[in-house]
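Engineer: Before we start, here is the structure in question, set down as structure tokens.
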Amino acid sequence: MMADSEFMESPAVSRSSSLGSAGSGRRQSGLDEEEEDDMLYYIPERRPSLDLGPSPMDTSQWHYVDKAFSPAVSYRSMTSAEMSNSMHLEHGSPTRVQLIRADSYSSCYSLDSDDCEKMVPKVKEEKEEKEDSVPELSDTPDVIPEPDLIKNPFLTVAFTFTAISKTLRKLPERDLKEFKMRLWKRYPQSFNTHSQSMDMVDLVDRLLECFSLDVSLHITKILLEEIGKNTMIDYLQTLCIRNEVRHNLSETLKMKYGKVCDGPVQGEKRPLDEVFTDLYITSTCDNGPNIEHEVLTIEKLDSNTNDAKLLSTKDILSTESLEHTHCNLMLLSGLPGSGKSMAVRRLILEWIEGKSHQHVSLMFPLPFRELKQFENSPVSMMEILQTLYPETKKLREEDYRCDDCKIMFIFDGLDEYSGALDFHYAFPLSDLSESTTLNVIVVNLLRDKLLYQGLFLITSRTQLKRSIPWDTHYEEIDVRGFLDPQKNEYFRKRFKDPDQAARVIAYVDSSRTLRIMCHLPLFCSLVGDEFQHIFGEPTAPAQPPSNIAYMYTKLLSALTRRRRKHRAPDVSPDKEIEFFMKLGGLAFNMLEQGQFKISRYDWKELGIPVEEAVINSGLCTQYLTCPIVLHHENYISFIHPTVQEYMAALYAFLSFTNQGKNIFVRHVRGRVKGFFKVPTVMDLFKSAVDSSLRCEDGKLDMLTRFLLGMGLKTNLELLQPLCTCTVKWPTFAADAVGFIRERMRGNVSQGRKTHLTRCLDELR
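For the sequence shown, the UniProt record's numbering assigns the number 1 to the initial residue and increments by one for each residue that follows.
Encoded structure:
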């Protein structure tokens, strides 16, 4: 595509000038042209009746002065912004245009049509015609665009200019000269200088200035056919078909990815640009979870020592990265809810709008959620593309393999693919039209065997990146959510009312833990949903509950819904509760030992499937560490230390409600005559508070605060589906407040009093 300056600086003569000046321009180009024109026409002597006296200007050198035809599309009048926008539609009329060479020409010096001087064509002798190097084109034929071009509203100035230029550049020098000569001979009124003296930019520029876009393409095809270059006609037609597919594909993708349900009104869709907030994307991977904490100082969990380079979606498989790495496969990994799918949406929209990735001709998002429909029957890659994107039916298989048609495939959510990726026995596949299983197609794509000339972007939660074969060359970048400034920016974009946005930000800032957790876009979205409901309901409370357990329970509910819908739909509620109990028990044991990560080797002894913890539930993440050179260890952590503390509190809560156990009492006491004393709800919370007071390092502080919050009515309602019986604790809040104030009056340190104050905040 030409730059705007290149369009505007092309040495084309103003179309407002007469063709007399255009003829003068050709006269100055050389004596041969002048003599040739003299051979074509002669001007008879003026009749005495037309002698008007001295001429105000010398017209003796004017060969003909009829002005050039007006084009269907005003090419030069288009603004630079229109020329630079490759996706802008050209609204020129694609109607029939008839271009003919006139046999008579009127002088601008004539006063009326009856007194015109006439330029009488000379009749060449047969001998002179034979000596001409180019056959004389006595009549300009009708230029009627092909029906396909007339129906095609997808032509733009940028595309048409590029397509014609690329086609003509493929011609040998001799054929290009003949093309120029025929163009000038056929349409001399449109070219003020001989076409041989014009370079490619000037030639195509002038052609588009004089004719509409579709007519320009048709003229090019006519002349290519006359010089016997049918392969070039096919090439030009292929470019037009690809352009049409690109336009239709862009419209489909814009409808699908251009808007998101993230507005102040429930169910309202807003343009992505209005709500998208820049994500924290880094060039390093295996970063582990965010360890920022309100109470604890946690040692760095990962072993990365290299400085991370900050990236944007425009850097993903960009021309610069391809030149630097020579790698066409990139993995975009990140925690659940970190914004991977939103980054994909942004990349797609930037391509549609021409803001980035213009080296990519076609872009096909292929989410694994949509690919699941092809799991149970043989299918080919072509069938998948044509089913999801019917626009591609016009493409041929060679279009997917040619060098000048770069295609990007985006596989979003590899972690959602339930098939077994067999890299050892899956047979190689290189034929796009060959039917096979979806597993074979995915394996060959990951091995870079199928569509090896394409570009591939794969998004996944961190564990599934190990599914890519070790011998496959790929780059990996990490999406890490929001930096601190982007948290406020997200809420200001979502809530256009400044007062509403300020209320949301004030709520988040009321707790450092909430502020920290807003590094996850999913968590920000949940907070926004709560306030969206509040602002839309007159009877709703002024703000969500102030206890932090409420928003963490909302996060658990959101991840559980995703798990049930997309990852483990067949898991029964009892199995789900059992999984939460196992994971919560692990979280509690790790807290007691002051641990926030566990090796994959030790994990095997827990009886908890890694896939359930890392992939399906989204509560854990997996990453590599390199404690010593050439030695890697695989570790698993919760997605944030506070999530580990919340799950430990949930374990204590469910152990009491479902099993009647108090996990803070290790040994059974109170045996009376062979009977066990049944613990009460206050026994549970008293022992939890006392246990936290004994830990001066604060390792049980957040667990206690989460547990106290779970006892409130709002959280009991959310957690009821996980309880095997109905739970109602109407006097719990008042009883707990009285107990905590009693402990504050006791002999406790200032640090422990601060902790008890925060516990009171959870009970408001």
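Glycine included, C-beta positions come from ideal geometry on N, C-alpha and C.
How long is the line joining the alpha carbons of residue 769 and residue 753, rounded to whole angstroms?
Structural biologist: Residue 769 falls outside the range modelled here, since the chain spans only 1 to 764, and no answer is possible.
Engineer: From the DSSP output, in three-state form, read off residue 257 for me.
Structural biologist: Three-state result, residue 257: helix.
Engineer: So, at 8 Å on beta carbons, what are the nonlocal neighbours of residue 236 in its own chain, with the 5 sequence-adjacent residues on each side left out?
Structural biologist: So the list reads 163, 164, 167, 217, 220, 221, 224, once near-sequence residues are dropped.
Engineer: Taking the alpha carbon of residue 645 as the point to measure from, which residue in 587, 610, 312, 380 has its own alpha carbon closest?
Structural biologist: That would be 587, whose Cα lies nearest to the Cα of residue 645.
Engineer: Under 9 Å, do residue 571 and residue 564 count as touching if we go by C-beta distance?
Structural biologist: Yes; because the gap between Cβ atoms is below 9 Å, this pair is in contact.
Engineer: Taking the C-alpha atoms as reference points, what is the distance between residue 199 and residue 410?
Structural biologist: Whole-angstrom Cα-Cα distance: 40 Å.
Engineer: Note down, one range per segment and in chain order, each alpha helix (DSSP H) of at least 4 residues found wholly within the UniProt domain "NACHT" (328-462).
Structural biologist: Runs of the alpha helix (DSSP H) inside the UniProt domain "NACHT" (328-462): 340-352, 368-371, 381-388, 438-446.
Engineer: Classify residue 632: buried if its beta carbon has 16 or more other beta carbons within 10 angstroms, exposed otherwise.
Structural biologist: Under this definition residue 632 is an exposed residue.
Engineer: Candidates 718, 717, 710, 690: which alpha carbon is nearest residue 741's?
Structural biologist: Out of 718, 717, 710, 690, 690 has the C-alpha closest to the C-alpha of residue 741.
Engineer: Got a sec, what are the start and stop residues for the alpha helix (DSSP H) residue 498 sits in?
Structural biologist: 498-509 is the extent of the alpha helix (DSSP H) around residue 498.
Engineer: Check whether the Cβ atoms of residue 711 and residue 729 lie closer than 9 Å to each other.
Structural biologist: Result yes, Cβ atoms of residue 711 and residue 729 sit closer than 9 Å.
Engineer: Measure the alpha-carbon distance for residue 186 versus residue 385 and round it to whole angstroms.
Structural biologist: Distance between the alpha carbons of residue 186 and residue 385: 44 Å.
Engineer: Which residues in the same chain have their Cβ closer than 7 Å to the Cβ of residue 304, if we skip the five residues on either side of it in sequence?
Structural biologist: If we look at residue 304 and ignore the five residues flanking it on each side, its Cβ neighbours are 284, 286, 287.
Engineer: Could you tell me whether any non-hydrogen atom of the ligand FAD is closer than 8 Å to the CB of residue 523?
Structural biologist: As presented, the structure is devoid of all ligands, the ligand FAD included, so that no description of it is given.
Engineer: Report all residues from its chain with a CB closer than 6 Å to the CB of residue 357; omit the five preceding and five following residues, and keep chain order.
Structural biologist: Closer than 6 Å at Cβ, skipping near neighbours: 351.
Engineer: By how many angstroms is the C-alpha of residue 619 removed from the C-alpha of residue 373?
Structural biologist: Residue 373 and residue 619: Cα-Cα distance of roughly 27 Å.
Engineer: Whole angstroms are fine: how far does the CA of residue 177 sit from the CA of residue 210?
Structural biologist: Approximately 20 Å, taken between the alpha carbons.
Engineer: Output needed for residue 321: all residues of its chain with C-beta closer than 7 Å, excluding positions within five of it in sequence on either side, in chain order.
Structural biologist: Once the five neighbours on either side are set aside, the close Cβ partners of residue 321 are 315.
Engineer: With the cut-off set at 9 Å, would you say residue 227 and residue 175 are in Cβ contact?
Structural biologist: Contact: yes.
Engineer: Could you tell me the boundaries of the beta strand (DSSP E) in which residue 638 lies?
Structural biologist: Its beta strand (DSSP E) spans residues 631-638.
Engineer: Where residue 330 and residue 408 are concerned, what is the direct C-alpha to C-alpha distance, given to the nearest angstrom?
Structural biologist: Going from the Cα of residue 330 to the Cα of residue 408 covers about 11 Å.
Engineer: Where does residue 285 fall in DSSP's three states?
Structural biologist: It is coil, neither helix nor strand.
Engineer: In the DSSP assignment, find the beta strand (DSSP E) that holds residue 622 and state where it starts and stops.
Structural biologist: Counting along the chain, the beta strand (DSSP E) containing residue 622 begins and ends at 620-628.
Engineer: Let me check understanding here. Comparing Cα to Cα, which of 543, 261, 589, 647 lies closest to residue 552?
Structural biologist: Nearest option by C-alpha distance: 647.
Engineer: The alpha helix (DSSP H) that contains residue 571, what's its start and end?
Structural biologist: It is not in any alpha helix (DSSP H) - residue 571 carries neither H nor E in the DSSP assignment.
Engineer: In angstroms with no decimal places, state the Cα-to-Cα distance between residue 661 and residue 616.
Structural biologist: So the alpha carbons of these two residues sit roughly 28 Å apart.
Engineer: Just the C-alpha distance for residue 402 and residue 341, rounded to the nearest angstrom, thanks.
Structural biologist: Cα-Cα distance, rounded: 29 Å.
Engineer: Around the Cβ of residue 105, are there at least 16 other Cβ atoms within 10 angstroms (buried) or fewer (exposed)?
Structural biologist: Its pLDDT being 38, under 50, residue 105 is placed unreliably by the model, and the measurement read from it follows with that caveat. Buried, since its Cβ has 16 or more Cβ neighbours within 10 Å.
Engineer: Just how far apart, CA to CA, sit residue 670 and residue 679?
Structural biologist: For residue 670, the predicted structure reports a pLDDT of 46, less than 50, and the residue's modelled location is therefore unreliable. A value from the coordinates is still provided. Cα to Cα, residue 670 sits roughly 10 Å from residue 679.
Engineer: Pair every Cβ in the stretch 254-261 with every Cβ in the stretch 583-601, then say whether three or more of these pairs are closer than 8 Å.
Structural biologist: Touching, no.
Engineer: Starting from residue 479, trace the beta strand (DSSP E) in both directions and tell me its first and last residue.
Structural biologist: Element bounds for residue 479: 475-479.
Engineer: If you drop the 5 nearest sequence neighbours on each side, which residues of the same chain put their C-beta closer than 6 Å to that of residue 652?
Structural biologist: 663, 707, listed in sequence order.
Engineer: Please report how far the alpha carbon of residue 183 lies from the alpha carbon of residue 404, in whole angstroms.
Structural biologist: If you take the alpha carbons of residue 183 and residue 404, they lie about 27 Å apart.
Engineer: Return the CA-CA distance between residue 759 and residue 338, expressed in angstroms with no decimal places.
Structural biologist: Going by the C-alpha atoms only, they are around 29 Å apart.
Engineer: Can you give me the Cβ contacts of residue 245 inside the same chain, cut-off strictly under 8 Å, excluding the 5 residues immediately before and after it?
Structural biologist: These residues qualify, in order along the chain: 362, 391, 392, 394, 395.
Engineer: I'd like the list of long-range same chain contacts for residue 430, defined as Cβ closer than 7 Å, with 5 residues on each side in sequence excluded.
Structural biologist: Closer than 7 Å at the Cβ level, and outside the excluded window around residue 430, lie 449, 450.
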